[in-house]
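Reading through the C-alpha cells given below for one structure.
Chains as they are written, first to last, in this note's numbering: chain A, 2 to 116; chain B, 2 to 111.
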C-alpha cells in the first residue's frame, strides 16, 4: 500500500511565524501535491511537483512556497503565517503512469491553527 | 474554467435506505473522474476511477457511474460504517492534478 506521511497531525503557530509542513511518500512517485481543505470550499490545490526540484503553482499559491530536494519528500512553507491560513493541509502523491489516470494517494493531513 | 459540483451537501439515511450522490462537472478533455471517501480527521481514501461515459465500478455497497456531464455514487442498503464525506474529483490535464467538489456528507443511522 502507498503510504504518505505528514509529520504533524496538529500545529499551532503565531501570526508572522515561518511554518514548515513536511510530507514523505514511500512509493517512488514522481508527482506530489499540496492541498488545503476548508469547510464548504473542498480541496484546493496550492502547489504541485512532478520531479525533484520542479514545482508548479496550483490555484491558490499566494503566501506559500514549496521545496522538493528529494523525490520522496515535499515540503510546504508558509513564509509568514496569517490567520486566514488556518486550515487542514493535505499532501498527496501519484504516479505519472497510465496517461494521467493514476489516483492521488493522500496523507492524513495537518490541521494548522494560526493565532 | 473547470467546475465540479456535488449534491446534496448532506444526506441522512436510515440503515438499509438506498440513495444516490451526484457529481456534475464541466471540464474540457476529461482524463478521469475520481471518487474518494473521507472520514473525520483523516485524508481522503481512493474508491474509484471512471474514464468514459457508460462506465461503472462497484465496491461492496457502492456503485459509481459516469455520463458525459455527471457521475453518480449509488449506496445500496447502507450501514452505519458507510457514514463519511464522499468527494468527487476530475482530472483534465496530463500533470495529474485533481479538481475537487465540496463533497457530500453522508450519515447513516441504525
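Built from N, CA and C at the ideal position, the CB exists for glycine as well.
No residue range can be given for residue 53 of chain A, since it is assigned to no beta strand (DSSP E) and is classified by DSSP as neither H nor E.
Within chain A, no C-beta atom comes nearer than 8 Å to that of residue 70 of chain B; the closest sits roughly 19 Å away. Residues of the region 73-85 of chain A with a C-beta less than 8 Å from any C-beta of chain B: none at all. Using a Cβ-Cβ cut-off of 7 Å, residue 52 of chain B is close to 102 of chain A, given in chain order. Sequence-ordered contacts of the region 23-44 of chain A with chain B read 32, 34, 41, 42, 43, 44 [C-beta pairs closer than 7 Å]. Put simply, the CB of residue 43 of chain B is near chain A, with a gap under 8 Å to one of its CB atoms. Proximity of residue 49 of chain A to chain B, defined by a Cβ-Cβ separation below 8 Å, is satisfied. Comparing alpha-carbon positions, the option among A:23, A:46, A:18 lying closest to residue 81 of chain A turns out to be A:18. A Cβ-Cβ separation of about 6 Å places residue 31 of chain B in contact with residue 93 of chain B under the 8 Å criterion. Contact with chain A is absent for residue 73 of chain B, since none of that chain's Cβ atoms lies less than 8 Å from the residue's Cβ.
Straight through space, the alpha carbons of residue 15 of chain B and residue 69 of chain B are spaced by roughly 31 Å. Nearest C-alpha to residue 28 of chain A among A:103, A:113, A:111: A:103. Inclusion of residue 18 of chain B and residue 79 of chain B in the CB contact set at 8 Å is warranted, their separation being smaller than that value.
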